[in-house]
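Undergrad: Residue numbers (my numbering), protein chains in the order written: chain L, 26 to 491; chain X, 26 to 491. This is the structure I have questions about; it appears just below.
2 protein chains.
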Amino acid sequence: MPYAIDETHDPKLESWVESANDPDTDFPIQNLPMCEFELIDPDEDEDDRPRLGIRVGDSIIDISALEEARLFDGAVEAESFYYWCIHNAARASLADRAGLRTRISSLLSTTNDALRSNKWLCSKAIIPVSRTAFVYPDSEIRDYTDFYASKFHATNVGSMFRPDNPLLPNYKWIPVGYHGRASSIVPSGTPIIRPSGQTIEGNMGPESVPSFGPCKLLDYELEMGAIIARGNELGTPVSMAEAEDHMLGLCILNDWSARDMQKWEYQPLGPFLAKNFASTVSPYIVTMEALAPFRTPAMDRTDGDPDPMPHLDSPANRESGGFDIKLEVFLSSQQMREKGLDPKRISRGNFKDMYWTVAQMIAHHTSNGCNLQPGDLLGSGTISGPTRESRGCLLELTWDGDPFANPPKIVPGTQRTPIELPTGESRKFLADGDEIIMRAYCERDGFRRIGFGECRGVIHPSHEAR
Amino acid sequence: MPYAIDETHDPKLESWVESANDPDTDFPIQNLPMCEFELIDPDEDEDDRPRLGIRVGDSIIDISALEEARLFDGAVEAESFYYWCIHNAARASLADRAGLRTRISSLLSTTNDALRSNKWLCSKAIIPVSRTAFVYPDSEIRDYTDFYASKFHATNVGSMFRPDNPLLPNYKWIPVGYHGRASSIVPSGTPIIRPSGQTIEGNMGPESVPSFGPCKLLDYELEMGAIIARGNELGTPVSMAEAEDHMLGLCILNDWSARDMQKWEYQPLGPFLAKNFASTVSPYIVTMEALAPFRTPAMDRTDGDPDPMPHLDSPANRESGGFDIKLEVFLSSQQMREKGLDPKRISRGNFKDMYWTVAQMIAHHTSNGCNLQPGDLLGSGTISGPTRESRGCLLELTWDGDPFANPPKIVPGTQRTPIELPTGESRKFLADGDEIIMRAYCERDGFRRIGFGECRGVIHPSHEAR
C-alpha cells in the first residue's frame with residue numbers, strides 16, 4: 026500500500042499547540058487533517074480569502090502563511106503543493122504529500138522551535154478554530170458519485186423496495202453507484218430545508234395519482250466520502266494497484282434522503298430529487314497518510330459470494346483495502362435542545378463493514394475510461410453493519426424484520442419501531458428542528474486516537490409550511 | 026414568454042461579413058450563437074487564452090476585442106457581461122442579454138460602419154473559423170443532468186428493457202431525469218474510445234456471471250442540451266413563470282451509450298458506466314433570443330394523459346414551451362470515408378416531439394430546492410418521434426415491432442433490422458471507425474434558417490483491442 030506507518034504516527038509525539046495533546050481531541054499532532062477556511066471577522070490587515078488550513082487541537086494552521094515565511098524549505102515545493110490541493114493534483118507526487126505531512130508534524134512538535142519561536146508568525150498562522158468558517162467544498166467539488174457499497178444496507182433497503190428481490194444479481198459483481206448532484210453539497214452546519222416533491226400513497230401502479238407537497242419521510246444516510254487528489258485522463262482506467270494513489274483522504278458525508286419522493290421517482294433511472302436537495306460533508310479531510318495505521322482487510326467474500334473480477338481485485342486490497350473507522354449518529358430534537366438535553370446516540374457502526382472498498386470504487390468508476398478529477402467526491406453509500414444498532418439510516422433503524430436471519434426473514438409492510446427520545450417524543454423519520462450529528466474516529470492499541478470532527482445539519486421547515 | 030421576436034430576426038437583415046449571407050449557412054446574422062474558443066496557432070502578439078466568441082458566417086467574432094475597443098458603449102456593461110457568460114450569470118439581466126444581441130447584430134449589419142470601417146480592429150476581432158478550436162465546455166460545466174423527456178423513446182426502450190411494463194406509471198407525472206457525469210463532456214470532434222465493462226449473456230438472473238471486455242453494443246443518443254445562464258439559490262425553487270429566464274440557449278448533445286453494460290448495471294440506481302465514458306456537445310450555444318421565432322406549443326396531452334401538475338404547468342408553456350428544431354443523424358464508416366462516400370443520413374426528427382418541455386425540466390429539477398448554476402447542462406434525453414424514421418438511437422432504429430400501434434405491439438426478443446451502408450456494410454450498433462454526425466436547424470416561412478452546426482465523434486478501438 027502506498028501509505029506507510031512512519032514517525033508521524035508515533036503516539037509519543039506531542040505538540041507545543043497544547044490543545045492537541047488533550048487525550049479526547051479528534052485532532053492530535055498524529056492527525057493533521059485539511060480544510061478550506063476563511064476568517065469570520067477578519068481585521069483590516071488580515072487575509073479574508075478562503076484558503077487551505079490544517080487543524081491541530083483547537084487551532085487551524087494557515088498553510089499559506091507558513092509558505093510565505095518559507096518554512097517548507099525544500100520539504101515541498103510551494104506551487105506544486107497549492108496546485109495539488111486546490112486545482113491540479115496531478116502535479117504533486119505521493120512523496121510531496123508525505124513530505125508535507127512530515128514537515129508540518131515536525132514544525133508543530135515539541136522538539137522543534139522554528140515556528141514556535143517566531144511569535145509574530147505564530148500570531149498570523151495559528152488561528153483559533155472559533156475565528157474560522159469552513160468554505161469547503163463550495164466551489165471545489167465538480168462531480169459527486171454515490172455508491173451503494175454496504176451489502177447490509179442494500180439488502181435491508183432492497184427488501185423494502187423489492188421484497189421479492191432484495192439484492193439484485195449485479196450487486197456482488199459491481200460496486201453499484203450513480204451520479205449525484207455536486208452543487209448542493211454543503212459544509213457541516215448548513216441548515217437543511219425540507220424538500221417538497223411528488224409522492225403517492227401506497228405502491229406505484231398504473232392508477233397512481235401523485236400529490237405535491239413537503240416530504241413526509243425525511244431521512245439521513247451515514248456515509249464516508251473519499252476525496253480525489255489526482256485525476257486520470259479520459260479514456261485511461263485506473264488499476265487497483267494505483268487506485269489509492271489517487272485518493273486525498275476521507276470525510277463524513279450525510280446523504281439526506283426523501284424516502285417518499287424516492288419511492289415514486291427512482292424507476293427506471295435512479296434517485297434524483299429525493300437526494301439532490303442537499304448532502305452535508307464534514308469540514309476536514311483526514312488524509313490517507315494519517316489513516317495508515319487504521320487499515321483493515323477488505324470484507325471476506327462468504328456465503329458463495331464470487332471473488333471480485335481481476336480488474337477489481339489486488340492482494341493489497343484484500344489485505345488492507347478497508348478502513349477501521351468507528352461511526353456514531355446522534356439525534357437532537359428542538360425540544361431536547363430547549364431543555365438542555367444532550368443529543369441521543371441512535372446508531373453505531375464501522376466503515377470496515379463495507380462489501381466494496383474505496384479502491385474498488387475508483388477502479389470500477391474508471392474501468393470504462395471515465396475521468397476522475399481533483400476534488401471529486403465519492404460517497405460510500407449508507408454504512409450499515411450486521412447488527413440492528415449499526416444500521417445507517419432511519420429507514421433501516423425503525424424497520425422491523427430481520428433480513429440477516431438464516432433464512433432471511435423479510436416482512437413486507439411490517440411494523441415500525443420508532444426511536445424514543447428523552448422528551449417523550451418519538452421518531453420514525455426526521456421532524457422539523459431535528460439535528461443529525463455524525464461523528465467518526467479511529468482507535469487502535471499503540472496509536473493515538475484520531476477523529477473526523479462532526480457532520481451536522483438541522484432540518485428547517487419547507488417553504489410551503491412557512 | 027421572455028424572448029420576443031424583434032428587429033434582429035428580420036429576414037432582410039444582411040451582414041457585411043459576406044459568408045453570413047449564404048442561404049445555406051447555419052450562421053446568418055439572425056443567429057449569432059456563442060462559443061468558447063482559442064486560436065489553434067496564435068502569432069506572438071495574439072491572445073492565446075480561451076475566450077468568448079460569437080459565430081457569424083465563417084467567422085468567429087472575438088467579443089473581448091470588441092469590448093476593449095469600447096464598441097458596446099452602454100449596450101451592455103462589460104464586466105457584467107463577462108461574468109454572465111462565464112462565471113456568474115446571476116449578475117446579468119435579460120435586458121443585458123437582449124441589448125448585447127441587438128448591439129452585435131447592429132455592428133455586423135450592412136447598415137453600420139462602426140466596426141467594418143476599423144480595418145485594424147476587424148483584423149483582430151474577426152477570426153476565420155478555420156483558425157479556431159472550441160474549448161467549451163471543458164471547464165465550464167459543473168453539473169450535468171440528463172432527462173428522458175420523449176415519450177416515444179421511453180416507450181420504445183421500456184418495451185425492450187421491461188416488455189411487460191414499458192412506460193412506468195410515474196412517466197406522465199414527472200420529467201424523469203438523473204445526474205450524469207460532467208467531467209467526461211467533450212466538444213464535437215473529440216475521439217470516443219470504446220468503453221470496456223462488465224456484461225452478461227441473456228437476461229439478468231441469480232445465476233448471471235458477467236465477463237469484462239470492450240462494449241459490443243455501442244450506441245449514440247440524439248439529444249438537445251439546455252445551458253443554464255442564471256442559477257437559483259439552494260432551497261429556492263424556480264417557478265414555471267421564471268424557468269426560461271434561467272436558460273442561456275441550446276446545443277446538440279450526443280449521449281453515447283453502452284447498451285450491454287447498461288442492461289447489467291442499471292438496476293436499482295440507474296445508468297452509470299454505460300453513459301459516463303463520454304458525452305459530446307456541439308460547439309455553439311444558440312441563444313434563447315435567436316430561437317424566439319421557432320417556438321411551438323408543448324405536446325398535447327392525449328390518450329388519457331394527465332394534465333401537468335400546477336408546479337409544472339403554465340399558459341405560456343402550453344402555448345409555446347416547445348422548440349421546432351429539425352434534427353438529422355448521419356453515419357459514416359471508415360470504409361465510406363476511405364472511398365470518399367458521403368455520410369448516410371440514418372434518421373430525421375424534431376425537438377418539438379418531446380412530452381416534457383425544457384421549462385418543465387427546470388421547474389421539476391428545482392422543485393425540491395436543488396440549485397442550478399451558470400453553465401449547467403440539462404440533456405433532453407433521446408429525441409424520438411412517432412415514426413420509425415424519427416427514432417433517435419440505434420437501439421430503436423434497428424429494432425422491429427411497433428409500440429405505437431393501437432393496441433401497442435410489443436415483441437420481446439424480436440428480429441432486428443440492420444442499417445445498410447453504401448459500402449455493403451451493415452450496422453446494428455457502432456463499429457470502430459464509425460463517425461456519428463448530428464445536425465440541427467430551424468426553418469419557418471418568413472424567417473432566415475438558423476442552425477446549430479454539427480456534433481461529431483468517431484469511435485476509436487478500446488484499449489484492450491490495441
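Glycine included, each C-beta is placed from N, C-alpha and C at the ideal position. Remember, it's a predicted structure, so these values are computed and weren't measured experimentally.
Does the beta carbon of Leu278/L sit closer than 8 Å to a beta carbon anywhere in chain A?
TA: In summary, chain A is missing from the structure at hand, where the protein chains are L and X.
Undergrad: In angstroms with no decimal places, state the Cα-to-Cα distance between Arg219/X and Glu246/X.
TA: Roughly 15 Å separates the two Cα atoms.
Undergrad: State yes or no: is the beta carbon of Pro220/X nearer than 8 Å to at least one beta carbon in chain L?
TA: Closer than 8 Å: yes.
Undergrad: When DSSP builds the beta bridges, which residues end up paired with Phe159/X?
TA: In the DSSP output, where bridge partners are listed per residue, Phe159/X has Phe62/X.
Undergrad: Are the beta-carbon atoms of Tyr309/L and Pro58/L separated by less than 8 Å?
TA: Going by C-beta atoms, Tyr309/L is nearer than 8 Å to Pro58/L.
Undergrad: With DSSP as the reference, label Phe472/X as helix, strand or coil.
TA: Phe472/X falls in the coil class under three-state DSSP.
Undergrad: Which first and last residues belong to the beta strand (DSSP E) in which Lys351/L is found?
TA: That run of the beta strand (DSSP E) goes Lys351 to Ser357.
Undergrad: Return the chain-ordered list of same chain residues with a C-beta closer than 7 Å to the C-beta of Gln398/L, the five sequence neighbours on each side being excluded.
TA: Excluding positions up to five away in sequence, the list reads Arg167, Asp168, Ile253 and Gly256.
Undergrad: Between the beta-carbon of Gly202/L and the beta-carbon of Thr157/L, is there less than 8 Å?
TA: Going by C-beta atoms, Gly202/L is not nearer than 8 Å to Thr157/L.
Undergrad: Taking all protein chains shown into account, decide if Ile65/X is buried (16 or more other Cβ within 10 angstroms of its Cβ) or exposed.
TA: By the 10 Å Cβ count, Ile65/X comes out exposed.
Undergrad: With a threshold of 8 Å on Cβ separation, who are the neighbours of Tyr466/X within its own chain once the five nearest residues in sequence on each side are excluded?
TA: Answer for Tyr466/X: Asp51, Ile350, Lys351, Arg474, Ile475, Gly476 and Phe477, listed in chain order.
Undergrad: Which same chain residues end up closer than 7 Å to Asp285/L when comparing Cβ atoms and leaving out the 5 residues on each side of it in sequence?
TA: Answer for Asp285/L: Thr224, Cys240, Lys241 and Leu242, listed in chain order.
Undergrad: Could you check if Lys377/L is buried or exposed, using at least 16 other CB atoms within 10 Å of its CB as the buried criterion?
TA: By the neighbour-count rule (16 or more Cβ atoms within 10 Å), Lys377/L is buried.
Undergrad: Is the stretch 365 to 382 of chain L touching the stretch 182 to 196 of chain X, taking contact as three or more C-beta pairs under 8 Å?
TA: No, the stretch 365 to 382 of chain L is not in contact with the stretch 182 to 196 of chain X.
Undergrad: Starting from the N-terminal side, write out each stretch of the beta strand (DSSP E) that is 3 residues or longer and does not extend beyond the stretch 32 to 88 of chain L.
TA: Runs of the beta strand (DSSP E) inside the stretch 32 to 88 of chain L: 59 to 64, 76 to 81 and 84 to 87.
Undergrad: Which residues, in chain order, does the stretch 223 to 235 of chain L contribute to contact with chain X at a C-beta distance below 7 Å?
TA: Those would be Gln223, Met229, Gly230, Pro231, Ser233 and Pro235, in chain order.
Undergrad: What first and last residue would you give for the beta strand (DSSP E) that runs through Gly250/L?
TA: Here the beta strand (DSSP E) through Gly250/L covers Leu247 to Ile253.
Undergrad: Near Asn431/L, which residues of its chain fall below 8 Å by C-beta distance, leaving aside the five closest residues on each side in sequence?
TA: Reliability of the predicted coordinates at Asn431/L is poor, the pLDDT of 45 falling under 50, and no value is obtained from them.
Undergrad: Would you say the beta carbon of Trp198/X is closer than 7 Å to some non-hydrogen atom of the ligand COA?
TA: The ligand content of the structure shown is nil, which means the ligand COA is not present either.
Undergrad: State whether the stretch 292 to 309 of chain X contacts the stretch 208 to 219 of chain X, with contact taken as three or more CB pairs (one from each stretch) at a distance under 8 Å.
TA: With the cut-off at 8 Å, the stretch 292 to 309 of chain X and the stretch 208 to 219 of chain X touch.
Undergrad: Run through DSSP, which three-state label would Glu445/X get?
TA: If DSSP states are grouped into helix, strand and coil, Glu445/X belongs with the strands.
Undergrad: Taking the DSSP output, what are the residues bridged to Val369/L?
TA: One detail in the question is off: residue 369/L reads as Lys in this sequence, not Val. Looking at the DSSP assignment, Lys369/L forms a beta bridge with Leu356/L.
Undergrad: Chain X partners of Asp168/L, CB-CB under 7 Å?
TA: By Cβ distance, chain X contributes Arg206, Ala207 and Ser208.
Undergrad: Mind listing which residues of the stretch 384 to 410 of chain X have their C-beta closer than 8 Å to chain L's C-betas, in chain order?
TA: Answer set for the stretch 384 to 410 of chain X: His389, His390, Ser392, Asn393, Gly394, Cys395, Asn396, Leu397, Gln398 and Asp401.
Undergrad: So with Cβ pairs under 8 Å, would you call Phe355/L a contact of chain X?
TA: Answer no: the Cβ-Cβ gap between Phe355/L and chain X never drops below 8 Å.
Undergrad: Using the three-state DSSP reduction, which class does Cys276/L fall into: helix, strand or coil?
TA: It is a strand residue.
Undergrad: Compare the C-alpha of Phe348/L against each of Tyr380/L, Val354/L, Thr327/L and Ser339/L and name the closest.
TA: When only C-alpha atoms are compared, the closest one is Tyr380/L.
Undergrad: So Gln287/X contacts chain L; which residues on that side make the cut at Cβ distance below 9 Å?
TA: Going along chain L, no residue has its Cβ under 9 Å from Gln287/X, so there is no contact; the nearest lies around 11 Å.
Undergrad: To which residues does DSSP link Met463/X through a beta bridge?
TA: According to DSSP, which records beta bridges pairwise, Met463/X is partnered with Val354/X and Cys480/X.
Undergrad: Please name the residue, chosen from Ser130/L, Arg126/L and Lys288/L, that lies closest to Gly230/L on a Cα-to-Cα basis.
TA: If we check each option's Cα against that of Gly230/L, Lys288/L comes out closest.
Undergrad: Buried or exposed for Val234/L, going by 16 or more other Cβ atoms inside 10 Å?
TA: So Val234/L counts as exposed.
Undergrad: Going straight from the alpha carbon of Glu71/X to that of Ser142/L, what length do you get?
TA: Cα-Cα distance, rounded: 51 Å.
Undergrad: Taking Cβ-Cβ distances shorter than 8 Å, what residues in chain X pair up with Tyr380/L?
TA: In chain order: nothing, as chain X lies at least about 15 Å away.
Undergrad: Tell me which residues of the stretch 333 to 355 of chain X have at least one Cβ-Cβ distance to chain L shorter than 7 Å, keeping chain order.
TA: The residues in question are Met334 and His336.
Undergrad: Do you know offhand how far Glu226/X's Cα is from Glu226/L's?
TA: So the two alpha carbons sit approximately 38 Å from each other.
Undergrad: For a cutoff of 8 Å on Cβ pairs, would you count Leu57/X as touching chain L?
TA: Leu57/X does not count as touching chain L.
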